[in-house]
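Written out below as structure tokens is the structure these notes cover.
Residue numbers (my numbering): 2 to 533.
Next comes the structure, spelled out in structure tokens:
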């Protein structure tokens with residue numbers, strides 16, 4: 002089928018299985034507690050209610066003990082999510098509304114991906130498959146259950162690309178304007194989506210002779226939405242930059258030494274977390290795979306990874322991931338199709354963070370539509386295509402639900418700790434300080450505790466609440482003598498999404514390269530100390 006538009010009814014009909022699948026996975030977790038970086042965006046949303054153009058004009062005590070400072074140090078370029086959260090943050094308990102909004106955002110991303118499949122020239126089965134593969138991506142489901150900006154960035158990217166192709170095919174003004182807005186706001190949500198602009202420009206072409214200047218000049222009347230996207234982003238940054246600090250967290254925490262572990266994590270995440278690596282190996286099903294695998298993996302192990310001595314399974318999975326990425330690029334470039342090449346390049350966007358302190362799987366979420374489109378294009382050529390799609394959907398739904406359940410337990414521990422350790426003492430009129438980050442930061446503030454800032458010195462009779470995983474061992478060393486009066490331990494056998502002991506690091510590969518792992522014993526402990 003040639004690329005082109007299709008009816009909205011057909012797009013929605015083909016999107017319906019994916020919409021139902023995502024709803025079935027996420028609706029049971031609408032009340033999930035906030036976790037990890039959620040409080041940063043929620044607190045910025047509260048600040049926006051006071052000063053709409055100054056979302057970063059506030060301090061936060063985050064990341065390290067005794068390091069209170071401007072919030073821009075920790076979230077310098079992800080402000081659109083905070084604007085998105087302004088309506089629910091006014092509620093006393095905004096969890097359900099925030100997660101419902103995230104589900105709707107995911108639905109927009111699914112519909113845009115299905116529509117993009119039709120504009121790529123896919124048939125009905127392949128377009129439906131693109132939506133299902135996207136909805137069955139466990140990291141996408143996991144991030145849709147947070148208040149973080151990754152699903153919003155993913156949906157904006159997919160909408161921007163889909164509307165750009167609509168503008169190219171229909172030559173109407175409105176799709177071009179919508180594309181410029183979506184592609185311009187996407188990097189205001191996750192900065193590395195600015196790299197989507199040249200990919201968008203590539204999709205405006207009908208060939209891949211990218212070095213031909215004359216062919217680019219011939220497209221000048223079509224390139225204005227891409228230029229408009231850059232303008233939208235610059236205006237958004239300029240309007241909110243008064244309190245922005247250069248040299249924030251993103252600049253201080255970059256190091257070339259991070260490249261090797263982050264590249265390993267990137268390749269492993271495509272293999273084990275996203276439904277791309279394993280599905281690609283099965284669906285391509287060519288005999289040459291075995292020989293290429295034998296050639297690439299030992300080379301990867303010997304030349305790059307053997308001397309640093311990573312865990313063997315990480316090395317093997319990274320080798321498989323490297324093979325899959327190479328095969329995707331060879332397949333994409335073999336017929337000089339701009340659509341395939343654009344999807345392959347789309348997968349590389351997270352590599353912009355190679356030198357950053359970590360490269361978690363959430364950075365891959367904005368690339369999930371491209372992965373879904375690649376799988377959907379080769380799926381119809383597979384002999385048991387319906388069975389394969391059902392297998393991908395079932396595996397993604399089961400594993401995604403396991404991740405969601407374990408992460409809900411991880412988030413809930415902070416909410417319970419605040420209710421048990423802080424609320425009774427605040428109600429009794431005592432002053433309670435806290436020194437922790439992540440979800441505990443939000444629930445401690447909501448419970449009436451005060452954040453322990455740089456120069457704060459508690460007095461006799463004050464309390465300090467802290468979490469072992471979220472806090473810092475140095476905190477008590479710089480404070481007056483205190484005794485432990487109560488603790489709240491969380492543990493037992495079960496799934497883990499954030500546990501360095503078990504190698505689970507859903508939100509940071511510094512904890513491990515798995516987004517879910519089985520663990521036993523104590524998971525985390527919260528403590529309440531009383532100063533003498």
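By construction, the Cβ of each residue, glycine as well, lies at the ideal position given by its N, Cα and C atoms.
Here the structure is a predicted model, which means the values were calculated and not measured.
Considering only their Cβ atoms, is the gap separating residue 274 from residue 494 smaller than 8 Å?
no
So, does the stretch 475-482 touch the stretch 504-512, judging by three or more C-beta pairs under 8 Å?
no
Please state if the CB of residue 363 and the CB of residue 192 are separated by a distance shorter than 8 Å.
no
Burial state of residue 376 (16 or more Cβ within 10 Å):
buried
Given this structure, state the Cα-to-Cα distance separating residue 138 from residue 361, to the nearest angstrom.
15 Å
State the DSSP-derived secondary structure class of residue 270, mapped to helix, strand or coil.
helix
Am I right that residue 434 and residue 453 are in contact with their C-beta atoms under 8 Å? What's the rounded C-beta distance?
4 Å
Excluding the 5 residues preceding and the 5 following residue 521 in the sequence, name in chain order all residues of the same chain whose CB lies nearer than 6 Å to its CB.
494
Inter-residue spacing [alpha-carbon to alpha-carbon] between residue 223 and residue 169:
7 Å
Measuring only the C-alpha atoms, how far is residue 51 from residue 354?
33 Å
Short of 6 Å in beta carbon distance, which residues of its chain neighbour residue 496, apart from the five on each side in sequence? Order them along the chain.
403, 407 and 517
Contact between the stretch 145-159 and the stretch 79-94: three or more CB pairs below 8 Å?
yes
Measuring alpha carbon to alpha carbon, tell me which residue in 490, 531, 415 and 498 is nearest residue 482.
531
Roughly how many angstroms lie between the CA atoms of residue 401 and residue 87, to the nearest whole one?
28 Å
Residues that residue 19 bridges to, as DSSP identifies them
According to DSSP, residue 19 bridges with nothing at all.
Within the continuous beta strand (DSSP E) that includes residue 199, where are the two ends?
Premise fails: residue 199 lies in the alpha helix (DSSP H), 197-204, not in any beta strand (DSSP E).
Work out the CA separation of residue 201 and residue 319 for me, nearest whole Å.
29 Å
If we count Cβ pairs, one from each stretch, closer than 8 Å, do we get three or more for the stretch 324-336 versus the stretch 108-120?
no
Look up residue 61 in the DSSP assignment and give the residues it is bridged to.
70
For residue 416, the first and last residue of its enclosing alpha helix (DSSP H)
386-418
So what's residue 500 in DSSP terms, helix, strand or just coil?
strand
Own chain, CB closer than 7 Å to residue 525, minus 5 neighbours either side, in chain order:
414, 468, 469, 470 and 491
Where are the alpha helix (DSSP H) runs, 4 residues long or more, that stay fully inside the stretch 409-477, in chain order?
424-428 and 439-447
Is the CB of residue 185 under 8 Å away from at least one CB in chain C?
Protein chains in the displayed structure number just one, and chain C is not present.
Whole angstroms is fine: what's the gap from residue 238's alpha carbon to residue 188's?
10 Å
Assign residue 234 to one of two classes, buried (16 or more other C-beta atoms within 10 Å of its C-beta) or exposed (fewer than that).
buried
Measure how close the beta-carbons of residue 44 and residue 61 come, nearest whole angstrom, since I'm counting them as under 8 Å.
7 Å
Name, in chain order, the residues that DSSP records as bridge partners for residue 527.
468 and 489
Under a three-way DSSP split, which group does residue 247 fall into?
Since pLDDT at residue 247 reaches only 45, below the 50 mark, its modelled position is unreliable, and the value read off the structure follows with that caveat. Here residue 247 sits in coil by DSSP.
Residue 520 - containing beta strand (DSSP E), residue span
518-520
DSSP three-state assignment for residue 575, whether helix, strand or coil
The chain is shown from 2 up to 533; residue 575 falls before or after that span and cannot be answered.
Reference residue 446, options 466, 456, 462 and 461, closest by Cα
466
Of the choices 32, 277 and 461, whose alpha-carbon is the least far from that of residue 348?
277
Sort out for me which residues DSSP pairs residue 506 with in a bridge.
499
Residue 56: which of 17, 162 and 242 sits nearest, CA to CA?
242
Between residue 339 and residue 267, is the Cβ-Cβ spacing less than 8 Å?
no
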